[in-house]
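Please read the structure below before turning to the comments.
Protein chains in written order, with the numbering used here: chain A, 7 to 271; chain B, 307 to 551.
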C-alpha cells in the first residue's frame, strides 16, 4: 500500500469517527434530541434486530432483495431502451427533430407523479416499481447516448464508409463504441435513479421492500429505523458503484490513462 | 483534370481552394454542385469499392488494436475473420509494424499511426488511393521516411493516386504529374508533367538534382500567383466586412 493511499484511508476513517462519534456523543448528552435525530447505537440495534428477527413485513433480506430486483430490472430495461432510442434519434435527424418537443415535455414532468399512474395501472406488485425505475433511468441514459452519437468524429464515420462499411456496420463498429464513453458515464448516475425509482414506488404503495420499511418506521416516529434503511440503501449504492466502475474499466480499457488516474495509482 | 490508371497525381494550391473537397467528391462522400466526377467512364454516385482514402487527421478507431484497425476494411466487406486478420498481419509487416499488432493507436507515435492508416487503406487493394495531406502533421524526417515507404508500396500495386498537399517539394518528389489549382473558386490552373525517372530512390536526395530544381522553379512561378491572390482575398475579407457594418 502506498503512503498516499494509507493517508486517504486514515482520513476516511477519521471522517467516520468524527461524524458518527460526534452524533453519538451529542445525542447521549441530550444536546440534540435522539427522538428526532436518532442515535448511531440505536441504528445499529435496529439493524441487528432486523437481521435477527426480521421487520414487520418479513425478513430484512426479503425487503432488500425485492428492492434490488426492482432497481436492477428497471436499470437494465431503462439502460437498454435509453441506448437504443438515443442511438436511433442520434442517427435519424428527422425523427429527433419531430420528437424533440415531446421528449422535453415528458422529461420536464416531475416523474414521481408518474409513479401514481403506474401503481394504478400495474398494481402494488413489483411491475409498477420496475417501470418507474426504468423510466427514470431511461432519460439519463437516453440524453447521454444521444449526445454521444452526435459527438462522433465525422472522420471516423467517413473512413469506415470508404472502407466498405454499411450503415449498420458504421453504427455497430464506430457510432456505439464511440458513444460508449458517454453512456458509461451516465450509468453511475442512472443506477442511483433506479434505486430512487424503486424506493419511491414502494413508498407510494407496496407490500414489500426497503421503501415500505422506511415509511413504516417514519409513521411510527422511529427515526433510527429510517436511518437504518438509509444506511442499507447507501451500502447497496456503494456496491453498485463499484460494479459499474469495474464494467467501465473493462469496456474502456483502450483509453489512455488520464492525468488524474495516473496520479491516483 | 484527368488521372490515368496507375498514375501518381499530386494536387497543390492555396489553402481553401477546394483540394480536399475534390477528394471527397472523388470518394463519393460529397456530390459536386457543378460538373461531374467519373471513374472509368462511370459518373460517381456513391462510395465505390475500389477507392481508399487517407485522411489528414487520424481516422483510426482508438478502441481497436492496431491489428483490428487494419483488418476493418476486409471485415466490412465480408471477408472471413481469420483471413482478414492474416491479411492485416501481412500488411502490418509490410509497413514495418510487425510486433505492434496488439497496441492501441494512442500508444504509437504519429509516424507509426500513419503507417497503420496506410496499411488500412491499402489492404482493400484499391485501384484509386486518395490522400489528403496524409503526412502534413509529421516532422520533416518522419515525413521523408513515410514518403519513401509510400512510393515503395505504391510501386507494388500501382493504384491511381491523388495526393493533396501544401508542400510543393513533396509533390514533385512523389508524383508523375502536379496539378496547380487556382485560389477562390478552385479550378485547375496548370498541369505539369514530372519527368524525373523512376524509381526515384530517396526523396531527400532527389531534391538536389538539377531537373528537380528546374521543375520546382517552374511550378512555383505558377503557384505563387495563386497563393498571393488567396492571401489577398483572406486579408481583405475582414476589411470589407468593416465597411458593410
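Virtual Cβ for every residue (Gly too), placed ideally from N, Cα, C.
Against chain B, a Cβ distance below 8 Å from residue 180/A picks out 367. Runs of the alpha helix (DSSP H) lying entirely within the stretch 451-490 of chain B, each at least 4 residues long, are 474-480 in chain order. Counting the other CB atoms within 10 Å of its CB gives residue 316/B a total of 16 or more, which places it among the buried residues.
Using a Cβ distance threshold of 9 Å, residue 203/A and residue 142/A count as a contacting pair. DSSP places residue 8/A in the coil class of the three-state scheme, outside both helix and strand. Neighbours of residue 190/A in chain B, taken as residues at a C-beta separation under 9 Å, are lacking, since the least C-beta distance is about 12 Å. Beta-bridge annotation (DSSP): residue 345/B is paired with 348/B. Within the same chain, 450 come within 7 Å of residue 510/B by CB-CB distance, once the 5 residues on both sides are set aside. Cβ neighbours of residue 343/B within its own chain (closer than 6 Å, five residues either side excluded): 331, 332, 350.
Boundaries of the alpha helix (DSSP H) harbouring residue 418/B: 416-428, taken from the DSSP string. Proximity of chain B to residue 216/A at the Cβ level (cut-off 9 Å) is not reached, the minimal Cβ distance being about 38 Å.
Taking a C-beta distance under 9 Å as the contact criterion, residue 355/B and residue 383/B qualify as a contact pair. Contact check for residue 245/A against residue 73/A fails: the beta carbons are separated by 9 Å or more.
Between residue 75/A and residue 132/A a beta carbon distance of about 7 Å is seen, short of the 8 Å cut, so the two are scored as contacting. From the beta-carbon of residue 363/B, the residues of chain A found nearer than 8 Å are 161. The beta carbons of residue 436/B and residue 484/B sit no closer together than 9 Å. For residue 413/B, the nearest CB of chain A lies under 9 Å from its own CB, placing it at the interface with that chain. By the Cβ-count criterion, residue 319/B is buried, with 16 or more other Cβ atoms from all chains shown falling within 10 Å of its own Cβ. Cβ proximity to chain B below 9 Å picks out nothing from the stretch 88-119 of chain A.
Listed along the chain, the chain A residues whose CB falls inside 7 Å of the CB of residue 410/B are 260. Taking a contact to require three or more Cβ pairs closer than 8 Å, the stretch 457-466 of chain B and the stretch 487-502 of chain B do not qualify as touching. For residue 357/B, the enclosing beta strand (DSSP E) has its first and last residue at 357-360. Pairwise C-beta distances place the stretch 209-229 of chain A out of contact with the stretch 169-180 of chain A, as fewer than three of them are shorter than 8 Å.
Shortest Cα-Cα distance from residue 470/B to any of 308/B, 523/B, 329/B, 313/B involves 329/B. Interface annotation, residue 164/A: in contact with chain B, CB-CB separation under 9 Å. Distance from the CA atom of residue 29/A to the CA atom of residue 45/A, rounded to whole angstroms, is 7 Å. Residue 476/B counts as buried, since at least 16 other C-beta atoms from the protein chains shown sit within 10 angstroms of its C-beta. Of all residues in the stretch 441-463 of chain B, none comes within less than 8 Å of chain A when Cβ atoms are compared. In the DSSP assignment, residue 155/A falls within the unbroken alpha helix (DSSP H) covering 132-156.
Beta-bridge annotation (DSSP): residue 434/B is paired with 357/B, 466/B.
The residues 364, 366, 411, in chain order, have a CB closer than 7 Å to that of residue 419/B in the same chain once the five nearest residues on each side in sequence are set aside.
Residue state for residue 441/B is assigned as coil, using DSSP reduced to three classes. Membership of residue 495/B in the beta strand (DSSP E) is indicated by the continuous run 494-499. In this model, residue 42/A and residue 228/A are separated by some 9 Å (Cα to Cα). Around the CB of residue 431/B, fewer than 16 other CB atoms lie within 10 Å, so the residue is classed as exposed.
Against chain B, a Cβ distance below 8 Å from residue 193/A picks out nothing, because the smallest value is about 17 Å.
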